[in-house]
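What follows is a single structure, written as structure tokens, with notes after it.
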Amino acid sequence: MLSLLSAPRILEEIVLCAICLTPLTPPIELRSLLLTSRAFNACLSFRACPGLYVQIFEREFDTAALKRRFSNDLSQDHVAFELRRRFTALQCIRQCRFEDPRLTDALLTAYLMFLEDDDKNWTHLLNANLPYFAKELVRRRLRGISRQDREWPSGNGMNTFAMALLWFTTSEASIQAENAEERHEMLDLLAPFVYAAFRYPCADMPEHEFHPPEAGSAIKMGFTAHGPYPPLCPKARHILYFGQSFDLRPPHVAVYAILSYFVRREVGALQIPDLAPRTRAESPGLPSVTRADIEEFNARCRTHFVQTARAIDHSGLTKSQKHDPDWARAIGYSDPSPTVGGAILSQPRFYRLGMLTGLWRGSSIVPCGIEYKAWLDNERIPSLCRLSFRVPLYFRLQEHYCYSPSLPLLVPDSVEGFRNAWFPQGCTWVQHEDGLELFNASGSPIAYYVTPHAPSGTGPVNQSPLLDAATRGVVDIILTGQTDTTHSEAYGGFRFFGRVRPADGLIVMVREPLDPTMDWLGRSVFRGHLLSSQNMVGRWRPADTGVEAADWEVPWSVCKSMD
1 MLSLLSAPRI LEEIVLCAIC LTPLTPPIEL RSLLLTSRAF NACLSFRACP GLYVQIFERE
61 FDTAALKRRF SNDLSQDHVA FELRRRFTAL QCIRQCRFED PRLTDALLTA YLMFLEDDDK
121 NWTHLLNANL PYFAKELVRR RLRGISRQDR EWPSGNGMNT FAMALLWFTT SEASIQAENA
181 EERHEMLDLL APFVYAAFRY PCADMPEHEF HPPEAGSAIK MGFTAHGPYP PLCPKARHIL
241 YFGQSFDLRP PHVAVYAILS YFVRREVGAL QIPDLAPRTR AESPGLPSVT RADIEEFNAR
301 CRTHFVQTAR AIDHSGLTKS QKHDPDWARA IGYSDPSPTV GGAILSQPRF YRLGMLTGLW
361 RGSSIVPCGI EYKAWLDNER IPSLCRLSFR VPLYFRLQEH YCYSPSLPLL VPDSVEGFRN
421 AWFPQGCTWV QHEDGLELFN ASGSPIAYYV TPHAPSGTGP VNQSPLLDAA TRGVVDIILT
481 GQTDTTHSEA YGGFRFFGRV RPADGLIVMV REPLDPTMDW LGRSVFRGHL LSSQNMVGRW
541 RPADTGVEAA DWEVPWSVCK SMD
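Residues 1 to 563 in our numbering are what the sequence shown spells out, letter by letter.
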């Protein structure tokens, strides 16, 4: 009699058909057969039929991002190993093994699965109840610290991946499901990561450096009660992934904490003063906030959840393609070429060219200066930072590109240059129809940057295929912008200018009053990153500080208007 064991291909097909009956779940049918007998185990082992495990992986998980990022160099051995690693990680999460010694590896695996998600991976993560697990893990790891010994929470290792996964799995429904007590507890737990810029950076290298420091070179630094400033970034984690060995930079714990913090603060609407006029027409003359201004802010200035951003994004990119910049940042910054003053930016890199052009709206949360100073001066957390208020934040930006072989604007000394968003002191510019002409303090032209425009009817600038072709060979990016007239009348008018750091996509902008007579409002330096959720997130500080820690810093989050 013919046995199934003598027809391994038929047996493989039976296994695949059985697995297809319960798609996107652990292949328990295969496990059962492997445990049936030694004969079945030998027949269905990876050594005997490696192709079976590759087919299972391709049916269970998304592979488009893997093939794109690894140039289709996925061997059968590596796929089988990753298949086992993923189901082991999902089991750890599903069973809520908070004390498992392999928990950090499980979180790392879930993080990478999300960056590669095109629907299948997300289904697995949801089936493993990752939203609950990530939130409960953050609570468990931070609750004892914040309430008992007042130690500052770690910004390394497990916390970085847990904070990123907390944000990835946060939705409008999950925020609405929190009662006031739960929400306030999460705000208290997240606050150190959000406000303490002197401990938790938003960048992989010192913010004041435009280019990566050379090996062995001295970096200008200040010092606080907490150690060197700018604070040292978490060390890269050496991993072996699909047979390739590289150092993976953990996600910025501060960036993802800010996002999770803001969506909870946004639950409470700004209150409308009783005496506020209904519209601008009712308050001619002096700028003032109207009821219509606050109603617009409450209705439209909200941080985009990951799933919300995916629903409103019409770029035509797949989910995983939108995470290509996050992947590029995770595997390390590039080393700019000294011949042109910056690395040629190619898509995808640390952000997609054209994405910054447009109207941005959101808010900043200003902490109490006295409380912030107490945090800055103490090695332990003296108290919870609860005195703060939200301030509406609007600006419209335009990108300008310098193309190879043209030379970009010179980068001044790191500290002084950082205070002026890496623009030379006294630099001015004139906007022409097709570009931006820049002049030095003496009025001599020093650089010309091209201003791309989307053809009429193509939608936002980043959706234009003509722009996509035009951005090849870009060596530097300058940003200019200002507050729209309507929002200037409500909240004050400001102009913005800055640059995008080629090494990691860090956005640095100076904000200053449009009206010179309003210089008492001061100049501020904004630093932040553009994320795949189409939120730009970071902190701002007074522009008169250098490498020393500022007496206070302000977290901010804005999202791009899709109107």
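Every residue, glycine too, gets a C-beta built ideally from N, C-alpha and C.
Since residue i contacts residue j with CB under 8 angstroms, what's their CB separation in whole angstroms?
i: F350; j: D504; result: 6 angstroms
i: Y261; j: V194; result: 5 angstroms
i: L397; j: G358; result: 7 angstroms
i: F305; j: W360; result: At roughly 17 angstroms, the Cβ-Cβ gap does not stay under 8 angstroms, so F305 and W360 are not in contact.
i: A134; j: S320; result: Contact flag wrong, Cβ pair sits at about 20 angstroms.
i: G435; j: V450; result: 5 angstroms
i: E512; j: R527; result: At roughly 16 angstroms, the Cβ-Cβ gap does not stay under 8 angstroms, so E512 and R527 are not in contact.
i: G243; j: H78; result: 4 angstroms
i: R140; j: F98; result: 6 angstroms
i: G362; j: L393; result: 5 angstroms
i: D204; j: D119; result: Incorrect: roughly 30 angstroms between the Cβ atoms, too far for contact.
Is residue i helix, strand or coil when you go by DSSP?
i: A447; result: strand
i: D476; result: strand
i: H529; result: strand
i: L317; result: coil
i: T545; result: coil
i: R539; result: strand
i: Q91; result: helix
i: E99; result: coil
i: C301; result: coil
i: Q76; result: helix
i: S414; result: helix
i: T63; result: coil
i: L16; result: helix
i: W552; result: coil
i: T290; result: coil
i: F57; result: helix
i: H521; result: In the sequence on display, residue 521 carries Leu and not His. L521: helix per DSSP, three-state reduction.
i: E296; result: helix
i: L564; result: What the structure shows of the chain is the stretch from 1 to 563, and residue 564 is not part of that stretch, so it cannot be assessed.
i: T109; result: helix
i: Q534; result: coil
i: W422; result: coil
i: T573; result: Any question about residue 573 goes unanswered here, given that the chain covers just 1 to 563.
Would you decide whether residue i is buried or exposed? Buried here means 16 or more other CB atoms lie within 10 Å of its CB.
i: C301; result: buried
i: C202; result: buried
i: G155; result: buried
i: C573; result: With the chain represented from 1 up to 563, any question about residue 573 goes unanswered, as that position is not in the structure.
i: P273; result: exposed
i: T458; result: Residue placement at T458 is flagged as unreliable, the pLDDT there being 37, under the threshold of 50; the coordinate-derived value follows with that caveat. Exposed, by the Cβ-count rule.
i: C17; result: exposed
i: F246; result: exposed
i: E60; result: buried
i: D377; result: exposed
i: D326; result: buried
i: I507; result: buried
i: D324; result: buried
i: P405; result: exposed
i: V500; result: buried
i: Q534; result: buried
i: H529; result: buried
i: E181; result: exposed
i: P367; result: buried
i: R541; result: buried
i: G369; result: exposed
Kindly provide the ranges of any alpha helix (DSSP H) runs that are 4 or more residues long and lie completely inside the region 195 to 279, ordered along the chain. DSSP runs (the alpha helix (DSSP H)) wholly in the region 195 to 279: 253 to 265.
Alpha helix (DSSP H) runs contained entirely in the region 356 to 405, provided each spans 4 or more residues: 369 to 377
Quick one: which unbroken beta strand (DSSP E) runs of 3-plus residues sit fully inside the region 478 to 519? Chain order, please. 494 to 500, 507 to 513
Segment contact flag, the region 234 to 253 with the region 159 to 169, C-beta cutoff 8 angstroms, min 3 pairs: yes
Is there contact between the region 251 to 265 and the region 163 to 171, where contact requires at least three CB pairs shorter than 8 angstroms? yes
Within 8 angstroms, do at least three Cβ pairs link the region 380 to 393 to the region 417 to 433? no
Mind pulling the alpha helix (DSSP H) runs of 4 or more residues that sit fully within the region 133 to 190? 158 to 168, 172 to 177
Counting pairs of beta carbons, one from the region 129 to 144 and one from the region 89 to 100, are three or more of them closer than 8 angstroms? yes
For the 8 angstroms Cβ check, are there 3 or more pairs between the region 276 to 283 and the region 364 to 382? no
Answer yes if the region 182 to 194 comes into contact with the region 205 to 221, meaning at least three C-beta pairs across the two stretches below 8 angstroms, and no otherwise. no
Given 8 angstroms as the limit, is there contact between the region 369 to 376 and the region 532 to 551, that is, 3 or more CB pairs closer than that? yes
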